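A.B. asks: Have a look at the structure that comes next, please.
Number of protein chains: 2
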Amino acid sequence: MLKYQQIALEIEKHIEENELQQGDKLPVLETLMAQFNVSKSTITKSLDLLEKKGVVFQVRGSGIFVRRHKRRGYVSLLSNQGFKKDLKDFHVTSKVIEMDVRKPTQEAADNLNIGLHDDVYFIKRVRYVNGQTLCLEESFYNKSIITYLNNEIVSESIFHYIKEALGLKVGFSDMYLHVDKLNQEEAAYLGLKEGAPKLTVETIFHLTNGQPFDFSKVTYNYEQSQFFIQANNELL
Amino acid sequence: MLKYQQIALEIEKHIEENELQQGDKLPVLETLMAQFNVSKSTITKSLDLLEKKGVVFQVRGSGIFVRRHKRRGYVSLLSNQGFKKDLKDFHVTSKVIEMDVRKPTQEAADNLNIGLHDDVYFIKRVRYVNGQTLCLEESFYNKSIITYLNNEIVSESIFHYIKEALGLKVGFSDMYLHVDKLNQEEAAYLGLKEGAPKLTVETIFHLTNGQPFDFSKVTYNYEQSQFFIQANNELL
DNA sequence: GAGTGGTCTAGACCACCCC
DNA sequence: GGGTGGTCTAGACCACTCA
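Quick note, the sequences are listed as chains X and P, same order. Taking our numbering as reference, the numbering of the first sequence is continuous, increasing by one, and the terminal residue is 741. Taking our numbering as reference, the numbering of the second sequence is continuous, increasing by one, and the terminal residue is 741.
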């Protein structure tokens with residue numbers, strides 16, 4: 506683990522353990538440099554990482570402060586595949602409905618940048634939170650990258666498996682959001698009425714080298730759809 | 506303008522003007538260092554900025570590549586208040602329905618971190634894209650920060666005014682998303698039927714010093730709700 | 001193994017906040 | 001004006017990719 510990552514983790518841990526609140530001030534740079542025995546740029550890099558994650562904000566000439574939001578029960582849209590973290594106070598389960606190797610749909614092939622005759626793992630599952638339906642998820646994994654999957658892996662965390670067992674590195678993702686009305690099939694899976702509101706999130710996950718490996722389409726139960734995004738606006 | 510920002514702008518411009526596509530390779534670091542006559546860290550900082558913006562991705566041992574998404578007509582959820590940019594091919598207008606100085610609701614006061622007896626500017630407007638309703642927006646501005654607003658400013662870009670005329674710096678924002686059904690009033694403004702799907706986005710904008718100055722609640726016409734997010738997943 | 005991006009350092013100087 | 005974060009440099013060394 507790199508120094509700046511390690512330091513970021515420790516600072517984050519420190520904030521959590523001491524239950525620091527929005528606006529609480531952290532030690533000044535010089536103190537942190539001494540405390541972790543590293544150069545200024547390394548500390549700065551740690552803090553930039555935490556700023557990107559929405560954990561702190563830095564004010565020139567003033568200090569480094571804790572960033573926290575007040576509302577509970579919201580899922581971060583950006584910490585991908587992170588229901589475990591965000592809903593840690595809740596009980597999230599999932600039921601696999603279909604899982605097989607097949608040829609992709611035109612849509613999946615386009616998004617994964619593969620041909621119609623390449624193989625994909627197709628997984629369809631319903632996820633529940635506290636016994637209520639949370640979402641219906643359909644995923645296509647490029648089989649030439651994700652070479653093996655089974656029911657056990659799919660029931661647990663697929664991404665954990667991809668990172669740890671396959672040794673792949675997830676880089677970035679493109680997400681597309683739509684709001685519409687549930688069709689009959691979706692309504693049935695989610696236990697709602699046809700025509701009820703839905704939020705659809707399509708995500709294309711890429712490895713660090715830019716190769717797309719997963720196209721997934723998730724339809725959320727609108728009654729459970731509470732999402733949260735922390736944005737930084739300094740991008741010009 | 507700082508060097509690294511300037512360089513980032515030029516690289517971005519270069520990508521746009523040459524219509525580079527996803528996966529196209531940019532010059533190597535050493536070349537860029539020479540070209541802009543700056544040190545390695547400065548170039549790195551420029552590229553980190555562009556990576557955060559979703560314009561490029563960097564692969565260790567390989568190169569720097571252009572990041573582009575394929576779909577058109579999607580609005581970035583993160584480039585706040587950025588309809589102008591994203592929908593530049595479209596015609597976005599807005600109609601101010603209400604605008605006055607008043608006392609905040611309990612909800613607005615909580616989110617703006619002010620008291621019930623402090624003043625806020627309240628603005629309610631409907632925005633249109635190509636003649637169709639896009640959203641209904643209700644905003645509360647902390648009057649002790651945003652000291653003056655008028656109809657002309659509100660019809661144009663409020664954020665441009667805040668930055669340029671008031672000299673304030675926008676730092677970060679917290680966004681909360683919900684999906685639900687339109688009530689009667691919202692349906693009337695959006696020209697839809699009561700009970701139709703809606704996406705509600707509540708945003709709390711903060712200055713760089715962490716002070717919240719704007720709480721806004723936007724209800725989108727689901728027929729126009731196509732949003733896009735570029736995420737980076739390397740946050741541990 | 002050559003090429004390429006990433007980390008880390010030490011230090012100078014700058015820009016901003018607040019008293 | 002003192003305190004504090006941000007920018008920028010030059011250079012050493014490390015880690016990954018790909019032929």
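Even for Gly, the Cβ is constructed at its ideal location relative to N, Cα and C. Note that the structure is predicted; figures quoted are calculated from it, not measured.
Leaving out five residues on either side along the sequence, give the residues of the same chain with a beta carbon under 7 Å from the beta carbon of P/Leu537.
C.D. replies: The answer, listed in chain order, is Ile548.
A.B. asks: How about P/His665: is its C-beta nearer than 8 Å to some C-beta of chain X?
C.D. replies: With 8 Å as the cut-off, P/His665 does not count as an interface residue toward chain X.
A.B. asks: Is P/His683 helix, strand or coil when you go by DSSP?
C.D. replies: Strand at P/His683.
A.B. asks: Quick check on this structure: which residue in X/Ala693, X/Asn616, X/Gln540 has the alpha carbon closest to the alpha carbon of X/Lys722?
C.D. replies: It is X/Asn616.
A.B. asks: Identify, in the order they occur along the chain, each residue of the same chain with its Cβ nearer than 7 Å to the Cβ of X/Ala513, setting aside the five sequence neighbours on each side.
C.D. replies: The answer, listed in chain order, is Ser551, Leu554, Leu555.
A.B. asks: Drop a sphere of 10 angstroms on the beta-carbon of X/Arg577, count the other beta-carbons inside from all chains shown, and report buried for 16 or more, exposed for fewer.
C.D. replies: Per the 10 Å Cβ criterion, exposed.
A.B. asks: From the DSSP output, in three-state form, read off X/Phe720 for me.
C.D. replies: Strand.
A.B. asks: Report the neighbours of X/Asn737 on chain P: residues whose CB is nearer than 9 Å to its CB, in chain order.
C.D. replies: Per Cβ cutoff of 9 Å: Lys557, Leu583, Gly676, Phe677, Ser678.
A.B. asks: Using beta-carbon positions only, say whether X/Val597 and X/Arg573 come within less than 8 Å of one another.
C.D. replies: It is not a contact, given that the beta carbons lie outside the stated cut-off.
A.B. asks: Pull up the distance between the alpha-carbon of P/Ala613 and that of P/Gln526, whole angstroms please.
C.D. replies: Going by the C-alpha atoms only, they are around 43 Å apart.
A.B. asks: Just to make sure I have the definition right: I need the residues of chain P whose C-beta is within less than 9 Å of the C-beta of X/Ser567. Which are they?
C.D. replies: Chain P residues near X/Ser567: Asn714.
A.B. asks: How should X/Ser584 be labelled, buried or exposed, when 16 other C-beta atoms within 10 angstroms of its C-beta is the threshold for buried?
C.D. replies: With 16 or more other Cβ atoms within 10 Å, it is buried.
A.B. asks: Identify which residue in X/Pro717, X/Phe732, X/Asn738, X/Glu535 has its Cα closest to the Cα of P/Gly528.
C.D. replies: Residue X/Pro717 is the option with its Cα nearest to P/Gly528.
A.B. asks: On a Cα-Cα basis, can you pick out the residue from X/Lys674, X/Val625, X/Val543 that is closest to X/Thr652?
C.D. replies: Residue X/Val625 is the option with its Cα nearest to X/Thr652.
A.B. asks: Residues of chain P with CB closer than 8 Å to the CB of X/Ser730, please, in chain order.
C.D. replies: Going along chain P in sequence order, the residues near X/Ser730 (Cβ under 8 Å) are Leu682, His683, Val684.
A.B. asks: From P/Leu641, P/Ser649, P/Leu671, P/Ser644, pick the residue whose C-alpha is nearest to that of P/His622; which is it?
C.D. replies: Nearest of P/Leu641, P/Ser649, P/Leu671, P/Ser644 to P/His622, Cα basis: P/Ser649.
A.B. asks: Would you call the stretch 693 to 701 of chain P and the stretch 721 to 740 of chain P in contact, with 3 or more CB pairs under 8 Å?
C.D. replies: Enough Cβ pairs lie closer than 8 Å, so yes.
A.B. asks: Give the secondary structure of X/Ile619 by DSSP, where H, G and I count as helix, E and B as strand, and everything else as coil.
C.D. replies: Residue state, collapsed to three classes: coil.
A.B. asks: May I have the straight-line CA-CA distance separating X/Lys558 from P/Ile734, to the nearest angstrom?
C.D. replies: When rounded, the distance between both Cα atoms is 15 Å.
A.B. asks: Whole angstroms is fine: what's the gap from X/Glu522's alpha carbon to X/Phe541's?
C.D. replies: Looking at the two C-alpha atoms, the distance is approximately 18 Å.
A.B. asks: Considering only the alpha carbon of each residue, which of P/Gln689, P/Thr724, P/Val560 lies closest to P/Tyr681?
C.D. replies: Among P/Gln689, P/Thr724, P/Val560, the Cα nearest to that of P/Tyr681 is on P/Thr724.
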